[in-house]
Amino acid sequence: MHPHLHTKDNVACEEVMNALEECHARGFMWKAIGMCNNAKKDLVHCLRQERVKSQSFNRNNVQEKKDVIRQMWKEIDENS
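If you count by numbering that gives the first Met the number 0, then the sequence shown holds residues 0 to 79, one letter each, in order.
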């Protein structure tokens, strides 16, 4: 696996990543005949779910920060 996938952000997918690594360790022919396709599909699905969660979290944080900034500008405009 790529080292950047083994981070604290992808802890939920660690088991699936390890399963894919074990499958790949069985050798080239095992991979070549498609025996690892299901493990790879599961990993892609898991990583996508984690990315969607992260995007949602980030989107909510940005909205809160924008609200704070709007309130500050409103106060500045009222006081000037």
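Here a beta-carbon is modelled for each residue, glycine too, at the ideal position from N, C-alpha and C. Computed from a predicted model, the values in this text were never measured in an experiment.
Around the Cβ of N9, are there at least 16 other Cβ atoms within 10 angstroms (buried) or fewer (exposed)?
For this step, residue 9 is matched to residue 10 along the sequence shown. Burial call: buried.
Between V61 and D41, is the Cβ-Cβ spacing less than 8 Å?
Walking along the sequence shown from the start, residue 61 turns up at place 62. Walking along the sequence shown from the start, residue 41 turns up at place 42. No, they are not a contact pair.
Verify whether the separation of the beta carbon atoms of L19 and C35 is less than 8 Å.
Here residue 19 is taken as the residue at index 20 of the sequence shown, counted from 1. Here residue 35 is taken as the residue at index 36 of the sequence shown, counted from 1. It is a contact, given that the beta carbons lie within the stated cut-off.
In this structure, does DSSP put D53 in helix, strand or coil?
Translated into positions along the sequence shown, residue 53 becomes position 54. In the sequence as displayed, the identity of residue 53 is Ser instead of Asp. Three-state DSSP puts S53 in a helix.
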